[in-house]
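A.B. asks: Be aware that the sequence shown starts at 1280, since it is given in my numbering, and climbs by one per residue.
For each residue, glycine too, the CB sits at the ideal point set by N, CA and C.
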Amino acid sequence: MDHGSMVHGRIRHFLEEVSSTAVILRVTKDLSDRHMKKANIVFLSFFILLCGNILYGQNYQLVENVSSVKISIRNAGMEIEGKLTGLDGEILFNPADLKSSLFSVSVDASTINTGIDVRDENLRGDEYLDTKKFPRISFVSKQITAVNKPNTYSVKGTITIKGISKDIIFPFTAVPKNDGLLFTGEFKVNRLDFKIGVSSLVISDNMVVSLSVFTKKS
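(1) Within the continuous alpha helix (DSSP H) that includes Val-1397, where are the two ends?
(2) Who are the near neighbours of Ser-1389 in its chain, counting only those whose CB is closer than 7 Å to its CB and skipping five residues on each side?
(3) Confirm, please, whether the CB-CB distance from Ile-1443 to Phe-1473 is below 8 Å.
(4) Can you list, in chain order, the residues of its chain whose CB lies under 6 Å from that of Ile-1350, leaving out five sequence neighbours each side?
(5) Please confirm whether Val-1468 and Ile-1447 have their CB atoms less than 8 Å apart.
(6) Between Leu-1490 and Val-1348, which are expected to be in contact by the criterion C-beta below 8 Å, what is the C-beta distance as a whole number of angstroms?
(7) Please report how far the alpha carbon of Ser-1346 lies from the alpha carbon of Val-1386, in whole angstroms.
(8) Taking 8 Å as the threshold (beta carbon to beta carbon), is Val-1384 in contact with chain B?
(9) Taking the C-alpha atoms as reference points, what is the distance between Leu-1371 and Ser-1479?
(10) If you draw a straight line from the C-alpha of Gly-1356 to the C-alpha of Val-1481, how long is it?
(11) Rounding to the nearest angstrom, what Cα-Cα distance links Leu-1328 and Asn-1373 in this structure?
(12) Starting from the C-beta of Asn-1392, find all residues in its chain whose C-beta is less than 7 Å away, skip the five residues before and the five after it, and write them out in chain order.
(13) Taking the beta carbon of Lys-1412 as the centre, do at least 16 other beta carbons fall within 10 Å, making it buried, or is it exposed?
(14) What would DSSP say about Leu-1471, mapped onto helix, strand or coil?
(15) With Ser-1379 as the anchor, note down where its beta strand (DSSP E) starts and where it stops.
(16) Look at the alpha carbon of Gly-1331 and the alpha carbon of Ile-1416, and state the distance between them as a whole number of angstroms.
(17) Spatial neighbours of Leu-1408 within its chain, please: CB distance less than 7 Å, with the 5 preceding and 5 following residues excluded, ordered by chain position.
(18) Between Ile-1423 and Tyr-1432, which are expected to be in contact by the criterion C-beta below 8 Å, what is the C-beta distance as a whole number of angstroms?
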């Protein structure tokens, strides 16, 4: 082999090595880019989930057996109290983002229990709660705002009784308890606004609704 052929051979070998190195570098870069994209996707997904928990309301599940809904009204000078069960609905709550928080709950009106069966049957009838036609009493929030007091807020929403809806505003507390939140509140409504009975000198027009609702993160 002459000197020229040897030179050409070495040049060709060198170019082949350079070409192979370039291919390896391209492949390595491509794999690296893919891994970076996957890593970015994983990080972005984690970030979205993290922000979702921070910016949006946490979903809480109602725990009915340690919750209570009570209605009280004065009748013939005495305070009559009734309890309601069948609590159900959705609660989204985040003190850091009250705009995304929501209460959408209801109770079974037919479960009214004042301790006297005859009176309870009367309350379930057409003149009062008419539970056959309107089985549930519901509340849906429209706006939740903070109050200048620890764990205390104000909620504006719509209560529906006997198919009649009215807007109400009342304060409530949300206190951490047993890995969940205990919501408590109280508000007053005029029973005549919802056609519950008729005007009477014996029975007060105003009913007081007291809430103690325990929830767990779901």
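C.D. replies: Walking through what the data contain:
(1) Annotation for Val-1397: the continuous alpha helix (DSSP H) segment containing it runs 1396–1403.
(2) Arg-1403, Thr-1410, Pro-1414
(3) yes
(4) Gly-1361, Met-1486, Val-1488
(5) In this structure, Val-1468 sits near Ile-1447, with a CB-CB distance shorter than 8 Å.
(6) 6 Å
(7) In a straight line, the C-alpha of Ser-1346 is about 11 Å away from that of Val-1386.
(8) No chain B appears in the structure shown, which is made up of a single protein chain.
(9) Spanning the two alpha carbons is a distance of roughly 40 Å.
(10) 8 Å
(11) Low confidence applies here, because Leu-1328 scores a pLDDT of 42, under 50, leaving its location unreliable; read the following figure in that light. Near 15 Å, if we compare the C-alpha coordinates of Asn-1373 and Leu-1328.
(12) Same-chain partners within the cutoff: Gly-1361, Lys-1362, Asp-1399.
(13) exposed
(14) Reduced to three states, the DSSP call for Leu-1471 is helix.
(15) Taken as a continuous stretch (DSSP letters only), Ser-1379 belongs to no beta strand (DSSP E), as it is neither H nor E.
(16) Low local confidence applies: a pLDDT of 44 at Gly-1331 is under 50, so the model's placement there is unreliable, and no value is given.
(17) Ala-1388, Ile-1391, Leu-1402, Lys-1441, Ile-1475
(18) The C-beta distance from Ile-1423 to Tyr-1432 rounds to 6 Å, short enough to meet the 8 Å contact threshold.
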